[in-house]
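Student: For the record, the sequence lines run as chains A and B. Quick note on this note's numbering: the first sequence kicks off at 7 and runs consecutively. Quick note on this note's numbering: the second sequence kicks off at -14 and runs consecutively.
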Amino acid sequence: MQRLSLADKIHAGLLSIGVAGLVCAYWVAFFHSDLTMPHFVHNLTNPELIQFTTVYIGFESAFPLADLFVAVASALSAFYLIGQDAKAVLFGLIGSGALGFLALIDISFNYLHGLYAPAVMLRDGGLRMEVIINIGCVVGSFWSIWRFWGHPLRRAEDRVLRAPLGGADLTAGEPSGR
Amino acid sequence: MIIDQPLSCFLAALAIGVVVEATARAGGVWTYRSRAFLLLNILIIFGLVQGLGVGWVIGGRQAFGGIAPVLFMVGAVMGILVEGLNDYWWHGWSWSDRPFFGIERAIDKAAFIGVAWGFVPVFSVAIARLATTGDIGG
Chain A
7 MQRLSLADKI HAGLLSIGVA GLVCAYWVAF FHSDLTMPHF VHNLTNPELI
57 QFTTVYIGFE SAFPLADLFV AVASALSAFY LIGQDAKAVL FGLIGSGALG
107 FLALIDISFN YLHGLYAPAV MLRDGGLRME VIINIGCVVG SFWSIWRFWG
157 HPLRRAEDRV LRAPLGGADL TAGEPSGR
Chain B
-14 MIIDQPLSCF LAALAIGVVV EATARAGGVW TYRSRAFLLL NILIIFGLVQ
36 GLGVGWVIGG RQAFGGIAPV LFMVGAVMGI LVEGLNDYWW HGWSWSDRPF
86 FGIERAIDKA AFIGVAWGFV PVFSVAIARL ATTGDIGG
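#1: Going by other Cβ atoms of all chains shown within 10 Å of its Cβ, with 16 needed for buried, is B:Arg114 buried or exposed?
#2: Name the residues in the region 15 to 42 of chain B whose C-beta lies less than 9 Å from a C-beta of chain A; which are they?
#3: Using the Cβ count rule (16 or more neighbours within 10 Å means buried), how would you classify A:Trp93?
#4: Is the beta carbon of B:Ala61 closer than 7 Å to that of B:Gly103?
#5: From the DSSP output, in three-state form, read off B:Thr117 for me.
#6: When the distance is taken between beta carbons, is B:Val105 closer than 7 Å to B:Gln35?
#7: Can you check which of these residues, B:Trp74, B:Gly45 and B:Trp75, is closest to B:Ser(-7) by C-alpha distance?
#8: Return no unless some Cβ of chain A is closer than 7 Å to the Cβ of B:Phe57.
#9: Measure the beta-carbon distance from A:Ser114 to A:Phe154 and round it to whole angstroms, keeping in mind my assumption that it falls under 8 Å.
#10: Over the uninterrupted alpha helix (DSSP H) stretch that includes A:Ser150, give me the two end residues.
#11: Tell me whether A:Ser150 is buried or exposed, calling it buried when 16 or more other Cβ atoms sit within 10 Å of its Cβ.
#12: Whose C-beta lies closer than 6 Å to the C-beta of A:Phe36 among residues of the same chain, with five residues either side of it excluded?
#13: Determine the DSSP secondary structure at B:Thr16, reduced to helix, strand or coil.
#14: Quick one: which chain A residues come within Cβ less than 9 Å of B:Gln47?
#15: Following the continuous alpha helix (DSSP H) through B:Ser79, name the residue where it begins and the one where it ends.
#16: Using the Cβ count rule (16 or more neighbours within 10 Å means buried), how would you classify A:Ser182?
#17: Would you mind telling me which residues of chain B sit closer than 8 Å to A:Pro70, beta carbon to beta carbon, in chain order?
#18: So which residues on chain A does B:Ala96 lean against when the C-beta distance must stay under 8 Å?
#19: From which residue to which residue does the alpha helix (DSSP H) around B:Glu68 run?
#20: Which residues in the same chain have their Cβ closer than 7 Å to the Cβ of A:Val29, if we skip the five residues on either side of it in sequence?
#21: Take every Cβ of the region 79 to 88 of chain A, pair it with every Cβ of the region 49 to 66 of chain A, and state whether three or more of those distances are shorter than 8 Å.
#22: Taking DSSP as the reference, what is the three-state secondary structure of B:Phe85?
#23: Report all residues from its chain with a CB closer than 6 Å to the CB of B:Gly2; omit the five preceding and five following residues, and keep chain order.
#24: Put A:Ser11 into one of helix, strand or coil per three-state DSSP.
#25: Helix, strand or coil: which one does DSSP assign to B:Gln35?
#26: Taking Cβ to Cβ, would you say A:Ala6 is nearer than 7 Å to A:Ile88?
#27: Under three-state DSSP, which class holds A:Met127?
Here you go:
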């Protein structure tokens, strides 16, 4: 098997740690702490805010199943990318596309409910973190889609045989230009 | 016998590990390079990592319906990591040449089983709760 290029190593690292790992860490933190919560959810004096908090937490709680899909697809993409297998592109495009889709839904909700207003963000560290996550997800997903679309593995066929114990690699349809 | 939930999560994952490994052995799905890898896999990956680590630490005290997707997510990502480490570096177990649910290539079998690891913490927590309280807990 050829050595993995530096760009592929970075891409695999971003998919496995930056997406799959951080998505898992986010949901563990969501269920075990207030780290991922904006500060306004603790304001129990304003009835309107209490009502909105219920909507906000209900909205956020709908994401784990969809994020499961993103995390697993991204981890599989990294797994196949390290093995220089064409399925890296399939799972990469699925995972990155789903990540971008979910980020845009989140951005849409936050924007329509005024959570990006400068005055709101200035006094809420939780929302500032939310913005960073939103931007990171959109930029990362589109970069990943762009990179996979131009990747040599996109035109490579699945390798038919792989040496089971890491010996000589019996492959067909190796990617070209790597 | 009433036992506490961390221990029951660990034991449930161990039991799942024994059943999975026995089934795989009977069906000749994968083979271990040495018996030590088999024992380490059941004890550490099934019991400690997926049962106690993921199952109990993440899902031990949460409503089951809410935390189940997170348990599967973390379990599957850990599983893909374990299968990747084995496939590319450890080579502790290897796949038979026979198709597995129609999957022929070793790398695809590893990916499939990697995702299937996600069920281990989910079932560990469910079994542990049923064994200790008789209720899955929401």
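A virtual CB, placed ideally from N, CA and C, is assigned to each residue, including glycine.
Tutor: The relevant details are as follows:
#1: Your numbering for residue 114 of chain B matches position 129 in the second sequence. Its Cβ being crowded by 16 or more others within 10 Å, B:Arg114 is buried.
#2: Arg18 and Val42
#3: As a working mapping, residue 93 of chain A is identified with position 87 in the first sequence. Looking at the sequence provided, one finds Lys at residue 93 of chain A rather than Trp. So A:Lys93 counts as buried.
#4: To locate residue 103 of chain B, count along the second sequence from 1; it is residue 118. To locate residue 61 of chain B, count along the second sequence from 1; it is residue 76. Yes; because the gap between Cβ atoms is below 7 Å, this pair is in contact.
#5: Sequence index remark: in the second sequence, residue 117 of chain B carries index 132 (1-based). Here B:Thr117 sits in helix by DSSP.
#6: The residue given as residue 35 of chain B occupies position 50 in the second sequence. The residue given as residue 105 of chain B occupies position 120 in the second sequence. Contact: yes.
#7: The residue given as residue -7 of chain B occupies position 8 in the second sequence. For the residues B:Trp74, B:Gly45 and B:Trp75, the minimum Cα distance to B:Ser(-7) belongs to B:Gly45.
#8: Within the second sequence, numbered from 1, the residue matching residue 57 of chain B stands at position 72. Output row for B:Phe57: interface = yes.
#9: Against the first sequence, residue 114 of chain A aligns to sequence position 108. Against the first sequence, residue 154 of chain A aligns to sequence position 148. Actually they are not in contact, since the Cβ atoms of A:Ser114 and A:Phe154 sit about 25 Å apart, beyond 8 Å.
#10: The sequence position of residue 150 of chain A within the first sequence is 144, counting from 1. Counting along the chain, the alpha helix (DSSP H) containing A:Ser150 begins and ends at Gly131 to Trp155.
#11: Position 144 of the first sequence holds residue 150 of chain A. By the neighbour-count rule (16 or more Cβ atoms within 10 Å), A:Ser150 is buried.
#12: To locate residue 36 of chain A, count along the first sequence from 1; it is residue 30. Cβ within range, chain order: Thr42.
#13: Here residue 16 of chain B refers to the residue found at position 31 of the second sequence. Of the three classes helix, strand and coil, the one that applies to B:Thr16 here is strand, per DSSP.
#14: Here residue 47 of chain B corresponds to residue number 62 of the second sequence, with the count starting at 1. Here the neighbours are Phe37 and His38.
#15: Residue 79 of chain B sits at position 94 when you count from the first residue of the second sequence. Not the alpha helix (DSSP H): B:Ser79 falls in the beta strand (DSSP E), residues Trp78 to Trp80.
#16: Indexing the first sequence from 1 puts residue 182 of chain A at position 176. At A:Ser182, the pLDDT of 41 sits below 50, so the modelled position is not reliable; the number obtained from the coordinates is stated separately. When all chains shown are included, A:Ser182 counts as exposed.
#17: As a working mapping, residue 70 of chain A is identified with position 64 in the first sequence. Going along chain B in sequence order, the residues near A:Pro70 (Cβ under 8 Å) are Gly51, Pro54, Val55 and Met58.
#18: Reading the second sequence from its first residue, position 111 is the one you call residue 96 of chain B. Going along chain A in sequence order, the residues near B:Ala96 (Cβ under 8 Å) are Leu82, Phe85, Tyr86 and Lys93.
#19: Locating residue 68 of chain B in the second sequence gives position 83, counting from the first residue. First-last of the alpha helix (DSSP H) with B:Glu68: Phe49 to Leu70.
#20: The count along the first sequence starts at 1 and reaches residue 29 of chain A at position 23. Counting only Cβ-Cβ distances below 7 Å, and skipping sequence neighbours, we find Asp73, Val76 and Ala77.
#21: no
#22: As a position in the second sequence, residue 85 of chain B is number 100, starting the count at 1. Residue state, collapsed to three classes: strand.
#23: By 1-based counting over the second sequence, the position of residue 2 of chain B is 17. Here the set comprises Ile27 and Phe31.
#24: Residue mapping note: residue 11 of chain A aligns to position 5 of the first sequence, counting from 1. Note: A:Ser11 maps to coil in three-state DSSP.
#25: As a working note, residue 35 of chain B is residue 50 in the second sequence. Helix at B:Gln35.
#26: Residue 6 of chain A is absent from the structure shown; chain A starts at 7 and stops at 184.
#27: As a working note, residue 127 of chain A is residue 121 in the first sequence. In the structure shown, A:Met127 sits in a helix (DSSP, three-state: H, G or I).
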